[in-house]
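Peer 1: What follows is a structure written as C-alpha cells; I'll ask about it next.
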Amino acid sequence: MTLIQDTLPQTRHLATAIPGPASTALHREREAHVTSGFGVALPVFINRAGGGILEDVDGNRIIDLAAGIAVTSVGASNPHVQTRVAAQMGRFTHTCFMVTEYDSFTQVAAWLNTHVPGDFDKRTALFTTGAEAVENAVKIARAATGRERVLVFDDAYHGRSLLTLAMTAKENPYKLTFGPFPGEVFRAPTATRLWARGAEATATSELKAVEALLDENGPETFAAMVIEPIQGEGGFLVPAPGFLAGLRELATRHGIVLVMDEIQTGLGRTGTLFASEHDGVAGDLTLTAKALAGGLPLSAVTGRADIMNSVHKGGLGGTYAGNPVACAAALGVFEAFEDGTLLGNANTIESTAREILEPLVAETSVVAEFRGRGAMLALEFTDKATLAPLPALAAEVAAACHGQGVLVLVCGTDGNVIRLLPPLVIGQELLRDGLQVLRGAITAANNARPDAANTAALASA
Ligand SMILES: *Cc1c(COP(=O)(O)O)cnc(C)c1O
Numbered sequence: 001m002t003l004i005q006d007t008l009p010q011t012r013h014l015a016t017a018i019p020g021p022a023s024t025a026l027h028r029e030r031e032a033h034v035t036s037g038f039g040v041a042l043p044v045f046i047n048r049a050g051g052g053i054l055e056d057v058d059g060n061r062i063i064d065l066a067a068g069i070a071v072t073s074v075g076a077s078n079p080h081v082q083t084r085v086a087a088q089m090g091r092f093t094h095t096c097f098m099v100t101e102y103d104s105f106t107q108v109a110a111w112l113n114t115h116v117p118g119d120f121d122k123r124t125a126l127f128t129t130g131a132e133a134v135e136n137a138v139k140i141a142r143a144a145t146g147r148e149r150v151l152v153f154d155d156a157y158h159g160r161s162l163l164t165l166a167m168t169a170k171e172n173p174y175k176l177t178f179g180p181f182p183g184e185v186f187r188a189p190t191a192t193r194l195w196a197r198g199a200e201a202t203a204t205s206e207l208k209a210v211e212a213l214l215d216e217n218g219p220e221t222f223a224a225m226v227i228e229p230i231q232g233e234g235g236f237l238v239p240a241p242g243f244l245a246g247l248r249e250l251a252t253r254h255g256i257v258l259v260m261d262e263i264q265t266g267l268g269r270t271g272t273l274f275a276s277e278h279d280g281v282a283g284d285l286t287l288t289a290k291a292l293a294g295g296l297p298l299s300a301v302t303g304r305a306d307i308m309n310s311v312h313k314g315g316l317g318g319t320y321a322g323n324p325v326a327c328a329a330a331l332g333v334f335e336a337f338e339d340g341t342l343l344g345n346a347n348t349i350e351s352t353a354r355e356i357l358e359p360l361v362a363e364t365s366v367v368a369e370f371r372g373r374g375a376m377l378a379l380e381f382t383d384k385a386t387l388a389p390l391p392a393l394a395a396e397v398a399a400a401c402h403g404q405g406v407l408v409l410v411c412g413t414d415g416n417v418i419r420l421l422p423p424l425v426i427g428q429e430l431l432r433d434g435l436q437v438l439r440g441a442i443t444a445a446n447n448a449r450p451d452a453a454n455t456a457a458l459a460s461a
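Each step along the sequence shown adds one to the number in our numbering, with nothing skipped, and position 79 is 79.
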C-alpha cells in the first residue's frame, strides 16, 4: 500500500486563493443538492489528507489544527488503521452484531475495559455516534437505578439528537427551533473560568451549588450525572482542581451513576488516554467516540459490569452498532497508541503551543486566557477590561488563518474561543508554522481594534 504520508508533503502551500476555483465550483454544486441546514467552517473540498495536512482540490495544502473535530488524532490516513480496514473490507462489511457475531467487537470492548479509568470489573457496549453513546448511557443508568432524572452542567455539549440536545447547553445553532425536548434534565453550574467569576468562586462554592440543586430536587430521583472532564464545544473549559472529585463524591453518596463524557477528550487527546486521569477520577460509565476509530463511526459506553449488565436482554443495540469495519479501525487506533509516542506528541504539542501563544495573554487586550491540556488547547477572546466576549474577533482571526492555509475552529457558548485540535502525528515544524500564522492573525486583529491602545492601558491599570 502506498502511504499518503510518504507522498503528501508536510508543508503549507497556497496554490490559489482559499477557497480556490475548483472548491468554489464544487461548493456551488453542493448548494444545489445538499440541505442548507449544514454549516461549514472552511468551504474547501479535500482531495487527500494525512499527517498534519489537508490537501484540497485546487492543490492547496492546509495545516490541519482541527482533526475533523478531534477525530483523526492518529492522522487521517494512519497506516495501522488503513491496513486493518482494508483487510476487513476484503472479508465482509457487515453482519449486524445482533444477528451474527465477529470477534473484533469483543476485542474493542476488551481494550476499552482494560484502559478506561476505574479499578473495577467492566463491560462495554458499542454504538455508532457520540450522541447514541450518551443516550444509551442514560438508558443504562435509568435501568440500573430505577430513577429518571439526569443532571448536566452549564456549557455542556452532548450531541444533536433530541435527548442530547436537552442535555446540551448552547441554544444557537444547536437547539434553536427544534424543541420541545425530553424532560427530567437539570442543569448545574461548573467550576470553570474562575478568573472571570471573581475571587470568591472556587470549586468548593460551585460544588455546594450542585449539592443544593440535588437536595432541592431530591438526590434519590437522579439516575445519572453527565460531565465532560474538559468541556469541548462549550469552550475547552478545564474544571478547577477538585471539581470532578467533588462530583464523584456526590454521585457515590447518592447512588447516582457518574457518566464521564470523554467523547472529545478520550483516546490521547489531552496527553493521557483519558482526560479524567488528570483528576484521578473514574466515571461509573465512560463514553468514547470521535477519535476511537480514526474517522470511522464508532462509539462506546464502558463501565461497571453490574450497571452495564442491569439492562434486559435485547434492550441495547442498533443496526450498525459496532460495525466490523469501524471495529477494525479502532483496533488500528489502539495499535497506533501502543508505543506511547502519540501521548508524548500530545504533550509536546502543548509545550510548543504554550511557547508561541501564551505570551498573547500579556501582549494583547483581547486574549483573556490560554487553556487546555495536551493537544486540546484554546484561546478565549474576551475584552479584558469589560469581560465582554468577542465572538466577532474570534471569527475574524479564524478567517485570517483560513485565508493563509491554517484550519482552526471556533467554539464556546459565546462563540469567542479558538480551539486547537491538531492530529497527534503533526510534525513540529508544520505545527510551529501554523501557530505562528495564528499568532500573527491575533496580533493584527488586536492592533486593528479602534480602542486597542485604550483597552490595553485599562487592562494593565
Ligand atoms: C461530539 C460530542 C458528542 C456527540 O458526538 P456525535 O458523534 O457528534 O454524536 C457528545 N459529547 C461530546 C463531549 C462531544 O464532543
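Quick reminder that beta carbons are idealized off the backbone N, C-alpha and C, glycines included. Since the structure is predicted, the reported quantities are computational estimates derived from the model, not experimental observations.
(1) Measure the C-alpha to C-alpha separation of Ala-336 and Arg-84 and round it to an integer number of angstroms.
(2) Along the chain, where does the beta strand (DSSP E) that runs through Arg-12 open and close?
(3) Taking only heavy atoms of ligand 1 into account, decide whether any of them is closer than 7 Å to the Cβ of Glu-135.
(4) Classify Met-167 as helix, strand or coil using the three-state DSSP reduction.
(5) Answer with buried or exposed for His-80, where buried requires no fewer than 16 other C-beta atoms within 10 angstroms of its C-beta.
(6) Report the residue from Leu-213, Ile-227, Asp-119 and Arg-149 whose alpha carbon sits nearest the alpha carbon of Thr-168.
(7) When the Cα of Asn-305 is compared with those of Leu-285, Leu-296, Ala-291 and Gly-294, which residue comes out closest?
(8) Can you list, in chain order, the residues of its chain with a C-beta nearer than 6 Å to that of Leu-420? Leave out the 5 residues immediately preceding and following it.
(9) DSSP three-state label for Arg-61, please.
(10) Determine the direct distance from the alpha carbon of Phe-105 to that of Leu-508, and round the result to whole angstroms.
(11) Rounded to whole angstroms, what is the Cα-Cα separation between Arg-28 and Leu-42?
(12) Shortest alpha-carbon distance to Leu-390 belongs to which of Ala-196, Leu-435, Thr-221 and Phe-381?
(13) My assumption, with CB atoms under 8 Å, is that Val-311 sits in contact with Ile-140. Please give the rounded CB distance.
(14) Quick check on Thr-265: buried or exposed, where buried means 16 or more other Cβ atoms within 10 Å of its Cβ?
(15) Work out the CA separation of Glu-277 and Thr-124 for me, nearest whole Å.
(16) Where Thr-204 and Gly-235 are concerned, what is the direct C-alpha to C-alpha distance, given to the nearest angstrom?
(17) Answer with buried or exposed for Asn-172, where buried requires no fewer than 16 other C-beta atoms within 10 angstroms of its C-beta.
(18) In whole angstroms, give me the CA-to-CA distance for Val-210 and Arg-149.
(19) Of the choices Ala-17, His-94 and Val-40, whose alpha-carbon is the least far from that of Asp-321?
Peer 2: Looking at the atomic coordinates:
(1) Computed Cα separation, rounded: 12 Å.
(2) In the DSSP assignment, Arg-12 falls outside any beta strand (DSSP E) and carries neither an H nor an E.
(3) No - ligand 1 has no heavy atom lying nearer than 7 Å to the Cβ of Glu-135.
(4) It is helical.
(5) By the neighbour-count definition (other C-beta atoms within 10 Å, threshold 16), His-80 is a buried residue.
(6) When each option's Cα is compared against that of Thr-168, the closest is Ile-227.
(7) Checking the displayed sequence, the identity of residue 305 turns out to be Ala instead of Asn. Among Leu-285, Leu-296, Ala-291 and Gly-294, the Cα nearest to that of Ala-305 belongs to Leu-285.
(8) Taken in chain order, the residues that qualify are Leu-65 and Leu-377.
(9) Residue state for Arg-61 is assigned as strand, using DSSP reduced to three classes.
(10) Look at the range of the chain in this structure, 1 to 461, and you will see that residue 508 is not part of it.
(11) Looking at the two C-alpha atoms, the distance is approximately 14 Å.
(12) When each option's Cα is compared against that of Leu-390, the closest is Phe-381.
(13) Val-311 to Ile-140, Cβ: 6 Å. Contact.
(14) Only buried fits Thr-265, as 16 or more other CB atoms lie within 10 angstroms of its CB.
(15) Distance from the CA of Thr-124 to the CA of Glu-277, rounded to the nearest whole angstrom, comes to 19 Å.
(16) When rounded, the distance between both Cα atoms is 22 Å.
(17) Exposed, by the Cβ-count rule.
(18) Arg-149 has its alpha-carbon roughly 14 Å from the corresponding atom of Val-210.
(19) Residue 321 is actually Ala in this sequence, not Asp. It is His-94.
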